[in-house]
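Sequential numbering of the sequence shown, starting at 31, is according to our numbering.
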Amino acid sequence: MQKRIINFIQVPSHKGELVGKELINCLNEWGISKVFAVTVDNTSSNDVALRKLKGHLLENDNTVPLNGEMFHMRCSAHILNLIVSGGLKELNEAISSIRNAVRYVRSSPARLKRFKESCTDTNIESKALLCLDVVTRWNSTYMMLEAAIKFKKAFDNLEGDANYTRYFDEERMTSPPSNIDWEKAGIFVNFLKRFYDLTNRFSGSLYVTSNLFLLDILKVQADLTTMASNPDTLLGTKAISMKRKYDKYWGRIEKLNMLTFIANILDPRYKLEVVNRESFLLGQLQLSDDVEEDDLEYYLNDRREKLDPTFDILQWWKQNGFKYPIIARMAKEVLAVQMSTVASESTFSASGRILDAFRSSLSPRMVEALICSKNWYTCEYEEHIVLRQYMDEIEGLETCEQVIPSDGSCITINENLHNASGS
């Protein structure tokens, strides 16, 4: 798959009407009249912007499939972040004790040196680095715990250091982490890892993510339901809160974009196995003639491919598309739809490297030229997203349901031409 940045402009306001107008100007400038889907964060201003854009496209060309019913794709990584954050507002005291231990080690060079000596004494050779979390951001707490657990023996060894134990007494904190604290931390790490890995999968831009989205969120639903059925466990009450948030966004089929179902059907390893609602889905596809219906039935009745983790869905359709030409055209567009805006938001991180303290007077037009030209020049190389670097871009900092956009509204546009996606 390909990714192109086609505009990087300064928008004076985040109001939806203005953002929508700029999107229309961008498409007009590039001569793009066919847009299959747009992926945006879950904000009210983006809802307004996309209504304006969809109205413009329908009015001028009417090429938006199904009158735009599948046009608006909400960022899955952003929604997943809301689900996890909603259930983990207050973590266990065990986390606090480990956080304080990490804070002690990182508070001075002398303490860090002493900790390294403790690692040597306990034969720890891990190259991991201790990091202190931001309490309000679950992904940073996960990374802190994941790293700290590797140094448990070193922290235990520090308890023989009077300065270490005195630190907890003087600050009136909890005691140094106990064995029970470390066990609970391990439970939290295993719990959060599945969401961290899932966010990573959602955030890809150079490989297909839409075909497995349905499977992924159904697995989340099953896990949360199981944990919520045991409210007396460590994670039970948190799972109940997360399940409530999950149901709000993904709990009802009609709230999901139909493209997520179609994309799963277009994966020859699954077809209708996961969906299992043939009459409902076939009605949603609204096949226009018998030729298309025959093409679909031929594809669905053919044998399914084996479940191979190395399976390349784009390569499969490239080699087998001639058997089902109508469905292959559909796959070319549906499988290109992005499930998150992380790829777009990474562009704003790049802009920070261009607009440093020595080049802060560059004009917006020049910044756009630098951003776009770099992307176009390096596009033939794979640019994998470093999730830890860009995770903050999708963090919802608002405690209510709406999330205030960061510095600029991020979008991903999937053109109804070829299988390219741009942002």
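Ideal Cβ placement from N, Cα and C applies to all residues, glycine included.
Fully enclosed by the stretch 169-213, which alpha helix (DSSP H) runs are 4 residues long or longer?
-> Taken in chain order, the complete alpha helix (DSSP H) segments of 4 residues or longer contained in the stretch 169-213 are 182-188, 192-200.
Name the residue from F198, L48, C161, N37 whose alpha carbon lies nearest to the alpha carbon of I62.
-> Within the sequence shown, numbered from 1, the residue matching residue 62 stands at position 32. With distances taken between Cα atoms, I62 lies closest to N37.
At what residues does the alpha helix (DSSP H) containing A258 begin and finish?
-> Here residue 258 is taken as the residue at index 228 of the sequence shown, counted from 1. From DSSP, the alpha helix (DSSP H) with A258 extends over 243-258.
Should P11 and A158 be called a contact, given that it needs their Cβ atoms to be closer than 7 Å?
-> Because the chain spans 31 through 453 in this model, residue 11 falls outside it and cannot be assessed.
Secondary structure of L317, DSSP reduced to three states | Locating residue 317 in the sequence shown gives position 287, counting from the first residue. Summary for L317: the model assigns pLDDT 46, below 50, so the residue's position carries little reliability; its value from the coordinates is reported in the next sentence. Coil at L317, not helix or strand.
Spatially closest choice to D191 from K143, L296, M369, by CA coordinates | Taking the first residue of the sequence shown as 1, we reach residue 191 at position 161. Nearest of K143, L296, M369 to D191, Cα basis: K143.
P95 versus T267: straight-line alpha-carbon distance, rounded = To locate residue 95, count along the sequence shown from 1; it is residue 65. To locate residue 267, count along the sequence shown from 1; it is residue 237. Here the C-alpha atom of P95 lies approximately 42 Å from the C-alpha atom of T267.
Proximity to I295 [Cα-Cα], best of I270, I283, L326 | The residue given as residue 295 occupies position 265 in the sequence shown. For I295, the nearest C-alpha among the options comes from L326.
Report buried or exposed for D485, applying the criterion of at least 16 other Cβ atoms within 10 angstroms of its Cβ.
-> The first residue shown for the chain is 31 and the last is 453, placing residue 485 beyond what the model contains.
So what's A67 in DSSP terms, helix, strand or just coil?
-> As a first step, residue 67 must be located in the sequence shown, where it is residue number 37. Strand.
Beta strand (DSSP E) containing M103: first to last residue?
-> Position 73 of the sequence shown holds residue 103. That run of the beta strand (DSSP E) goes 102-104.
Distance CB(I292)-CB(Y329) smaller than 7 Å = As a working note, residue 292 is residue 262 in the sequence shown. As a working note, residue 329 is residue 299 in the sequence shown. Cβ atoms of I292 and Y329: not closer than 7 Å.
If I'm right that R133 touches L162 with Cβ under 8 Å, what's the distance once you round it to whole angstroms?
-> For the purposes of this step, residue 133 is taken as the residue at position 103 of the sequence shown. For the purposes of this step, residue 162 is taken as the residue at position 132 of the sequence shown. Contact holds; Cβ gap of about 6 Å.
Tell me, to the nearest whole angstrom, how far the beta carbon of S75 is from that of V49; I am working on the premise that it is less than 8 Å.
-> For the purposes of this step, residue 75 is identified with residue 45 of the sequence shown, where counting begins at 1. For the purposes of this step, residue 49 is identified with residue 19 of the sequence shown, where counting begins at 1. Yes, S75 and V49 are in contact; Cβ-Cβ is about 6 Å, under 8 Å.
Close Cβ partners of G46 (< 6 Å) along its chain, the five nearest in sequence each way excluded = Your numbering for residue 46 matches position 16 in the sequence shown. Closer than 6 Å at Cβ, skipping near neighbours: S75, V78, A79.
Alpha helix (DSSP H) segment containing V397, residue limits | One-based indexing of the sequence shown puts residue 397 at position 367. That run of the alpha helix (DSSP H) goes 394-408.
Buried or exposed: R129, going by 16 or more other Cβ atoms within 10 Å of its Cβ?
-> Locating residue 129 in the sequence shown gives position 99, counting from the first residue. The residue is buried, with at least 16 neighbouring Cβ atoms inside 10 Å.
Cut-off 6 Å between Cβ atoms - residues of its own chain near A361, not counting five sequence neighbours on either side | Indexing the sequence shown from 1 puts residue 361 at position 331. Result list for A361: L296, W347, in chain order.
Between E89 and R359, what straight-line distance do the alpha-carbon atoms span, to the nearest angstrom?
-> Residue numbering aside, residue 89 sits at position 59 when the sequence shown is read from its first letter. Residue numbering aside, residue 359 sits at position 329 when the sequence shown is read from its first letter. Between E89 and R359, the C-alpha separation is close to 24 Å.
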